[in-house]
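Student:
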Amino acid sequence: MSDLIIYNTPDGKSSIALYAKDGSVWLNQTQIAELFATSKQNIGQHVSSILKESELDADSVVKNYFTTAADGKNYNVTFYSLEMIMAIGFRVRGVRGTQFRQWANRNLTEYLRKGFVMDDER
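Just so we're aligned, residue 0 is where the sequence shown starts under numbering that gives the first Met the number 0, counting upward by one.
1. If distances are taken between C-alpha atoms only, which option among Q30, P9 and T67 comes closest to L81?
2. Checking 8 Å against the spacing of the C-beta atoms, do I84 and H45 come in under that value?
3. If you drop the 5 nearest sequence neighbours on each side, which residues of the same chain put their C-beta closer than 8 Å to that of A32?
4. Taking its Cβ as the centre, do 16 or more other Cβ atoms sit within 10 Å of V94, making it buried, or is it exposed?
5. Please list the segments of the alpha helix (DSSP H) lying wholly inside the segment 5 to 87, counting only runs of 4 or more residues, in order along the chain.
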């Protein structure tokens, strides 16, 4: 992948690695499930619904990348763009979804435009 951005949940229970590439941020279903504190199956259902309803176009929000797993083998893994992550967040409707959307609106837009974000809270 490319640049790495770390999102820490406000409750401190999770730290998610977001990958910035091609003008967006990318996560796989397992990472999105952790981000929104839900199951991978639930995320898969939301992805299917979003694409079936033509809310988003798969060609612009879904990409496959080869990633190296803990076993040292390369696997073709499906990743989803920030647009898809946000759309899923609206459907999940949890506190974590709201917290991530607020953080993303404050930080990711600036990062993707400028290539950096100043962490003023520190």
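Heads up, the beta-carbon is just placed ideally off N, CA and C, and yes, glycines get one too. Computed from a predicted structure; not experimentally measured.
Tutor: Answer, in terms of the structure:
1. Within the sequence shown, the letter at position 82 stands for residue 81. Of Q30, P9 and T67, the residue nearest in Cα terms is Q30.
2. Against the sequence shown, residue 84 aligns to sequence position 85. Against the sequence shown, residue 45 aligns to sequence position 46. No Cβ-Cβ contact shorter than 8 Å links I84 with H45.
3. The residue you call residue 32 lines up with position 33 of the sequence shown. Excluding sequence neighbours, A32 sits near S38, K39, N41 and I42.
4. As a working mapping, residue 94 is identified with position 95 in the sequence shown. That one is exposed.
5. If you keep only unbroken alpha helix (DSSP H) runs of at least 4 residues inside the segment 5 to 87, you get 28 to 34, 39 to 51 and 57 to 60.
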